[in-house]
DNA sequence: AGGTACCGTGGGAGCGCTCCCATAGGTGAT
DNA sequence: ATCACCTATGGGAGCGCTCCCACGGTACCT
């Protein structure tokens, strides 16, 4: 407590050069030790490490960034208002996954919101200044210009869900198609036949894929597609409510609903209640995400679980690889990697 | 869209030097323009700004940090597990306030969690490397070593609540004492006389102050302090429940409860229900924070509101001043600034 | 013995800025 | 006209690191 050891001898913090002098070696050698190069003899390494410890040496990040042209930082960009970030468990789960994986690294994570135009402006500036080595982009809409900006700036990036089937950026996603299928198959297995679907925002590719899975599962089971049973939602509770009301008035005989998210399922549940339908007796309900909402709903909601935390982990993995691969010149765009993780359906009382 | 202008002429991004050449001036002059120095003629400034625009110049942060010995970044440190951060609206409100105030700045905000030992280790390393110009520390406990570490490293810092009456670090807090008083006065005005208090964690100074306010308000109204009516909680729902049970068994005649947080009030409400007490007929209930919980409780909860978002804003203000003041040598420790913001009681059906 | 190969190492040359000193010119007072 | 003084400007000297080339030494080959 009373002594700060050998620190601050000459006023400031120790530099590489001082460590070198102390260890009786050259600057280059200390640099090699610090960076874990194998081309250093054990004896030298030990001497340097001792000097580092004695002086309490910590490398100066700015100098390193300047000399090596890298920042050892990556950004998690959330192109949404902060509110959604705090409201939807999706984001915190991703963050948790990324954070867990990052702990093994020397990298620093920046959290950047880009919901408003102004924030996007700042972000563009920030990226142009190359202040991060890579970017994780979550919740991307079809017409978002951010991905293009990133590839233009040649900043490695990974997105949480492809924007289309022709996505070129590396991405990590869960199997939305399979998730959609499994929801429907689950309901069919429970004897339901008139299964409606409340979709998510259709400018989100994943939401489209859930619809595809829904349609194919029904068709494979021999049911003709009935477009009257598909109603677009927007991932909000109100949207779910609205969609449910529309569905009920259009086809009062429906006996099941697959909602594209738990939040929308909550809205749908409310609408079903108001219409006097019992869950699951009259109408079975299945959501998507398996969030806290699903567990706490009355009745508890069956839901398609995505391994969100793992998605975060995998996104970081991909990004780090991407950053490492940036060395051999001009291999841009070759074999982009798309990871798809399996979903599984968690059955509860609502179906 | 199709052209990226003059960018990338010589492979990389433009440098100060290139801008200077383009504008026909020296490096120093460009630097002055970039940094808003007044000692530049209007004509020269215009020429430089034109060159900057044409080349799409963006200063290299690393170089600037190295040369100027500052990072233009500050950290918001949350010495708690991430879960609390996402669960409690307090943190997101602070973040929102800080973010809003920061938007006018060139500064970058880093969000750092230091809940686990490992994370704290990393944080210490990070701070030792002086990678931020200042730190905002929220939710500090009495025995937290972080504040001392910060002053040892001579890193400007502001904390969200003083650790004690003798706090030396600049801090921003709401008037916990006044908040506690107002809750009690509100209940007294409603004709309640046997007012219990469920406290927060007493190693949080603010929680203590609420207790002080509670005691003084009762005493000023002529009621003798009855220590049987004070029960420690821990800011959790379970803690609130437990405390309420204890209070009821100790003194069944109580007719009001002031809980040190809305979350604890929720726990208390549950316990009151289980004991068959009606709210507010039998027992009036007042919480603290005026969070979403308060509005959604059944019945809606009266609560002491703190201007959390403004606290965030003020914290940033203080920190920026602190950073700016760091220039004139050795004025350390002189007139630390402590800001205290007023609370106000939001009356609802629970009291 | 001479040659070739590699290994561990030292240190120069920057990375792109900011800081600050020096300089040139302009202004007003003497 | 002279001097003192101020303002706008140029550019050298670093900030602390990484990269890379060059060096001496050792080991192994022919």
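Chains as they are written, first to last, in the UniProt record's numbering: chain C, 1 to 351; chain X, 1 to 351. The C-beta atom is built at its ideal place from N, Cα and C for all residues, glycine as well.
| Asked | Found |
| --- | --- |
| In chain order, what residues of the same chain lie with their CB nearer than 8 Å to the CB of residue 331 of chain C, ignoring the 5 residues before and after it? | Legend: pLDDT at residue 331 of chain C = 48, less than 50; position of this residue unreliable, value from coordinates given subsequently. Closer than 8 Å at the Cβ level, and outside the excluded window around residue 331 of chain C, lie 325. |
| Using C-beta distances below 7 Å, list every residue in its chain close to residue 319 of chain C, excluding the 5 sequence neighbours before and after it, in chain order. | 74, 134, 136, 156 and 158 |
| Could you list the residues in the stretch 124 to 158 of chain C with a C-beta less than 8 Å from some C-beta on chain X, going in chain order? | 125, 126, 128, 129, 130, 131 and 152 |
| Which residue from X:316, X:323 and X:287 puts its Cα closest to that of residue 348 of chain X? | X:287 |
| Any idea if residue 343 of chain C is buried or exposed, counting beta-carbon neighbours within 10 angstroms, 16 or more meaning buried? | buried |
| Does DSSP put residue 199 of chain X in a helix, in a strand, or in coil? | strand |
| Since residue 231 of chain X sits in a beta bridge, which residues does DSSP pair it with? | X:198 |
| May I ask you to check if the CB of residue 245 of chain X is nearer than 7 Å to at least one heavy atom of the ligand HEM? | Ligands displayed in this structure: none; no statement on the ligand HEM is therefore possible. |
| By Cβ distance below 7 Å, which residues in the same chain neighbour residue 266 of chain X in space, the five residues on each side in sequence not counted? | 237, 240, 293 and 297 |
| Which residues in the same chain have their Cβ closer than 6 Å to the Cβ of residue 339 of chain C, if we skip the five residues on either side of it in sequence? | 172 and 314 |
| Do residue 48 of chain X and residue 30 of chain X count as a contact pair if the criterion is CB distance below 8 Å? | yes |
| Tell me whether residue 28 of chain C is buried or exposed, calling it buried when 16 or more other Cβ atoms sit within 10 Å of its Cβ. | exposed |
| Quick one: residues in its chain with C-beta nearer than 6 Å to the C-beta of residue 181 of chain X, no 5 flanking neighbours on either side, listed in chain order? | 213 and 217 |
| Count the CB pairs spanning the stretch 60 to 76 of chain C and the stretch 41 to 56 of chain X that are closer than 8 Å, and state whether there are at least three. | no |
| Please tell me whether residue 103 of chain C has its Cβ less than 8 Å away from any Cβ of chain X. | yes |
| Helix, strand or coil for residue 301 of chain C, going by three-state DSSP, please let me know. | coil |
| Please report whether the beta-carbon of residue 61 of chain X lies at a distance below 8 Å from any beta-carbon of chain C. | yes |
| Have a look at X:242, X:278, X:123 and X:235 and flag the residue whose alpha-carbon is nearest the alpha-carbon of residue 256 of chain X. | X:278 |
| Would you kindly work out how many angstroms separate the C-alpha atoms of residue 100 of chain C and residue 138 of chain C, rounded to a whole number? | 17 Å |
| Is there a Cβ from chain X that is less than 8 Å from the Cβ of residue 31 of chain C? | no |
| Does DSSP put residue 287 of chain C in a helix, a strand or coil? | strand |
| Can you pull out the residues from the stretch 48 to 59 of chain C whose beta carbon lies closer than 8 Å to at least one beta carbon of chain X? | 56, 58 and 59 |
| Is there a Cβ from chain C that is less than 8 Å from the Cβ of residue 96 of chain X? | yes |
| Name the chain X residues whose beta carbon is nearer than 7 Å to that of residue 86 of chain C? | 86 and 92 |
| At 3 residues or longer, what runs of the beta strand (DSSP E) sit wholly inside the stretch 102 to 157 of chain X? | 108 to 113 and 134 to 137 |
| With the cut-off set at 8 Å, would you say residue 235 of chain C and residue 197 of chain C are in Cβ contact? | no |
| List the residues of chain C that residue 82 of chain X touches, going by C-beta distances under 9 Å, in chain order. | 92, 95, 96 and 99 |
| Excluding five sequence neighbours on each side, which residues of the same chain lie with their C-beta closer than 6 Å to the C-beta of residue 93 of chain C? | 308 and 309 |
| Going along the chain, which residues of its own chain have a beta-carbon closer than 8 Å to the beta-carbon of residue 299 of chain C, five neighbours each way excluded? | 279, 280, 348, 349 and 350 |
| Enumerate in chain order the residues of its own chain whose CB-to-CB distance from residue 23 of chain X is below 6 Å, with the five nearest sequence positions on each side excluded. | 47, 48 and 51 |
| Within 10 Å of its beta-carbon, does residue 106 of chain C have 16 or more other beta-carbons around it, so buried, or fewer, so exposed? | exposed |
| If you count every other CB in all the chains shown that lies within 10 Å of the CB of residue 352 of chain X, and 16 or more means buried, which is it? | Because chain X here runs from 1 to 351, residue 352 of chain X falls outside it and cannot be looked at. |
| Please classify residue 322 of chain C as buried or exposed, where buried requires at least 16 neighbouring CB atoms within 10 angstroms. | buried |
| May I ask you to list the residues that DSSP assigns as paired with residue 259 of chain C? | C:198 |
| Can you list, in chain order, the residues of its chain with a C-beta nearer than 8 Å to that of residue 143 of chain C? Leave out the 5 residues immediately preceding and following it. | 203 |
| If you measure from the beta carbon of residue 71 of chain C to each beta carbon in chain X, is any gap under 8 Å? | yes |
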